[in-house]
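J.: What follows is a single structure, and I will ask about it in a moment.
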Amino acid sequence: MEKKGLNIIILNSDQRSQDFAKGSLNYLGYTKVIGVSKVNSLLNNLKSEKVDLLLADYNTIMKYDEGLLEKLRQSHEESPLRVILMIDSDINVRELKRMYREGVTSVLQYPFQMNDVEKAINDAVRSVPIAITKTVRKIRDLDFFSFLSDDELMSMLKICKCRKYKEGDIIFEEGEKPDRFYVIADGIIAITKGIERKREEVLARLRRGSCFGEMGILDGSPRSARAKAYDDVFLLEFDRRIMEGYDDILTLKLFKKLTQVFSRRLRGANNKIKELAIFAQNKKTDSHPEPKRL
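According to the UniProt record's numbering, the sequence shown is numbered sequentially starting from 1.
Dropping the structure here:
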């Protein structure tokens, strides 16, 4: 899908906010953009026009019907409508989970910058509905989710997002503010770090079943390395805002799993440091042997 050729509709009852969103999209090169203030106008456009992406203001949606997104999703099963939800920072976590379950593919939080808009669109375009991927059984087999029952797994799939990345695509950059973590359902991810100008070192290659980006969820620190697709990959993405909600057993179980992964990696790093220290000491001894006694 050619992103700049997307047919986009903005739904926002606040004209100033609508105009700002439209101007931002035009600035980024998206020219096929329509703005509407009422849900009925949106529905009429959806009937008569091919629409690839909907930027919907949460407050505007709530004025109409709590089940609007679910209706839109059901009416576009053959060609899924990708929805970016524009929200305030104070949205309830339970409500955000409900929005995800009803078909939201990515989130854009007020006030937003140009790069926030581009990132939300990239997320939406890469989003793959579970019903289409037919990979529930494959996900069930991942060791990362072995602690979940079948019912819990299905509940989890309703609040995470499935993204496809092509070889060479950047998942996140070193120094970025963390807002999500990932589990690899298929493919390989390279974790790299810049060491010199235009040079980078591969720290690790992570395969199916591995998670990454969890440190940003656990401590909120900036990304310490870059993550990019080593080949075509399929990822499950978990939003930090939902993880920080702590409002159900499933979320707590996911946090427990992340701390176990972190502890295992920390032990591995400590063992590696000990091995390097022993190697360095042995090398030092070999290069400075004790003088022979006469």
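For glycine and all other residues, C-beta sits at the position ideal for the given N, C-alpha and C. The structure displayed is predicted, hence computed values, not measured ones.
#1: Let me check understanding here. Comparing Cα to Cα, which of L142, Q260 and D150 lies closest to V183?
#2: Following the continuous alpha helix (DSSP H) through I189, name the residue where it begins and the one where it ends.
#3: Can you look up T31 in the DSSP assignment and give me helix, strand or coil?
#4: Looking at C-alpha atoms only, which residue of R226, D232 and L69 is the closest neighbour of R199?
#5: Given a cut-off of 9 Å on the beta-carbon distance, is the pair I91 and L108 in contact?
#6: When the distance is taken between beta carbons, is K32 closer than 9 Å to N7?
#7: Below 7 Å CB to CB, which residues in the same chain sit around S24 once its five sequence neighbours on both sides are set aside?
#8: Can you list the beta strand (DSSP E) stretches of 3 or more residues lying completely in the UniProt domain "Response regulatory" (7-125), in chain order?
#9: For the beta strand (DSSP E) containing R180, name the first residue and the last one.
#10: Once DSSP output is grouped into helix, strand and coil, what is the label at V128?
#11: If we ignore side chains and look at the alpha-carbon of each, how far apart do D123 and T105 end up?
#12: Quick check: the Cα distance between K97 and L157, rounded to an integer number of angstroms?
#13: Considering only DSSP beta bridges, list what R226 is partnered with.
#14: Would you check if the stretch 228-238 and the stretch 188-203 touch, i.e. whether three or more CB-CB distances between them fall below 8 Å?
#15: Nearest-angstrom Cα distance between R137 and D14?
#16: State yes or no: is the C-beta of I10 within less than 9 Å of the C-beta of G29?
#17: Give the DSSP bridge partners of V233, in chain order.
#18: Taking K253 and L148 to be in contact with their CB atoms under 8 Å, please state how far apart those CB atoms are, rounded to whole angstroms.
#19: What residue does the alpha helix (DSSP H) around L148 start on, and which one ends it?
#20: Using the Cβ count rule (16 or more neighbours within 10 Å means buried), how would you classify L203?
#21: When the Cα atoms are used, what is the spatial distance from N12 to T60?
#22: With DSSP as the reference, label R137 as helix, strand or coil.
#23: Could you confirm whether any beta carbon from chain B is found closer than 9 Å to the beta carbon of C160?
#24: Quick one, are the C-beta atoms of G213 and F172 less than 9 Å apart?
#25: CA-CA distance, R208 and L236?
#26: So R205 is in the beta strand (DSSP E); what residue range does that whole segment cover?
#27: Look at the alpha carbon of Y100 and the alpha carbon of G67, and state the distance between them as a whole number of angstroms.
#28: Could you compute how far the alpha carbon of R16 sits from the alpha carbon of S89?
#29: Quick check on Q18: buried or exposed, where buried means 16 or more other Cβ atoms within 10 Å of its Cβ?
T.: From the atom records:
#1: The sequence position of residue 183 within the sequence shown is 183, counting from 1. The shortest Cα separation from V183 among L142, Q260 and D150 belongs to L142.
#2: Here residue 189 refers to the residue found at position 189 of the sequence shown. Where I189 is concerned, there is no enclosing alpha helix (DSSP H), although the beta strand (DSSP E) it sits in stretches over I189 to E196.
#3: Against the sequence shown, residue 31 aligns to sequence position 31. In the three-state reduction of the DSSP assignment, T31 falls in the coil class, being assigned neither a helical nor a strand state.
#4: Position 199 of the sequence shown, counted from the start, is the residue given in the question as residue 199. For R199, the closest C-alpha among the options R226, D232 and L69 is that of R226.
#5: Reading the sequence shown from its first residue, position 91 is the one you call residue 91. Reading the sequence shown from its first residue, position 108 is the one you call residue 108. No.
#6: For the purposes of this step, residue 7 is taken as residue 7 along the sequence shown, with counting starting at 1. For the purposes of this step, residue 32 is taken as residue 32 along the sequence shown, with counting starting at 1. Their beta carbons are under 9 Å apart, which means N7 touches K32 by this criterion.
#7: Indexing the sequence shown from 1 puts residue 24 at position 24. Within the same chain, S24 has close Cβ partners M114 and V117.
#8: Within the UniProt domain "Response regulatory" (7-125), the complete beta strand (DSSP E) runs of at least 3 residues are 8-11, 33-36, 53-57, 82-87 and 104-109.
#9: On the sequence shown, position 180 is the one that residue 180 refers to. Counting along the chain, the unbroken beta strand (DSSP E) around R180 starts and ends at R180 to D186.
#10: Taking the sequence shown and counting its residues from 1, the one referred to as residue 128 is at position 128. Here V128 sits in coil by DSSP.
#11: Here the question's residue 123 lines up with position 123 in the sequence shown. Here the question's residue 105 lines up with position 105 in the sequence shown. For D123 and T105, the distance between alpha carbons rounds to 7 Å.
#12: Within the sequence shown, residue 97 is the residue found at index 97, counting from 1. Within the sequence shown, residue 157 is the residue found at index 157, counting from 1. Their Cα atoms are separated by approximately 11 Å.
#13: Working through the sequence shown from its first residue, we reach residue 226 at position 226. BP columns for R226 point to T192.
#14: At 8 Å Cβ cutoff, the stretches touch.
#15: In the sequence shown, counting from the first residue as 1, residue 137 sits at position 137. In the sequence shown, counting from the first residue as 1, residue 14 sits at position 14. Pairing R137 with D14, the inter-Cα distance amounts to about 44 Å.
#16: Locating residue 10 in the sequence shown gives position 10, counting from the first residue. Locating residue 29 in the sequence shown gives position 29, counting from the first residue. It is not a contact, given that the beta carbons lie outside the stated cut-off.
#17: Looking up residue 233 in the sequence shown gives position 233. Bridge pairing for V233: Y165 [DSSP].
#18: Residue numbering aside, residue 253 sits at position 253 when the sequence shown is read from its first letter. Residue numbering aside, residue 148 sits at position 148 when the sequence shown is read from its first letter. Contact flag correct, Cβ pair sits at about 7 Å.
#19: Taking the first residue of the sequence shown as position 1, residue 148 is located at position 148. Unbroken run through L148: none, as it is neither H nor E.
#20: Counting from 1 along the sequence shown, the entry for residue 203 is found at position 203. L203 comes out exposed.
#21: The count along the sequence shown starts at 1 and reaches residue 12 at position 12. The count along the sequence shown starts at 1 and reaches residue 60 at position 60. The straight-line gap from Cα to Cα measures roughly 6 Å.
#22: Residue numbering aside, residue 137 sits at position 137 when the sequence shown is read from its first letter. Looking at R137 - three-state DSSP - the assignment turns out to be helix.
#23: The structure shown contains no chain B, having only a single protein chain.
#24: Residue mapping note: residue 213 aligns to position 213 of the sequence shown, counting from 1. Residue mapping note: residue 172 aligns to position 172 of the sequence shown, counting from 1. One thing to note: G213 has its Cβ within 9 Å of the Cβ of F172.
#25: On the sequence shown, position 208 is the one that residue 208 refers to. On the sequence shown, position 236 is the one that residue 236 refers to. Between the alpha carbons of R208 and L236 lies a distance of about 11 Å.
#26: Within the sequence shown, residue 205 is the residue found at index 205, counting from 1. It spans R199 to L206 - the beta strand (DSSP E) in which R205 sits, taken as one unbroken run.
#27: Your numbering for residue 100 matches position 100 in the sequence shown. Your numbering for residue 67 matches position 67 in the sequence shown. Rounded to the nearest angstrom, the two C-alpha atoms are 12 Å apart.
#28: By 1-based counting over the sequence shown, the position of residue 16 is 16. By 1-based counting over the sequence shown, the position of residue 89 is 89. Each residue's Cα considered, the two are about 19 Å apart.
#29: Along the sequence shown, one-based indexing puts residue 18 at 18. Burial call: buried.
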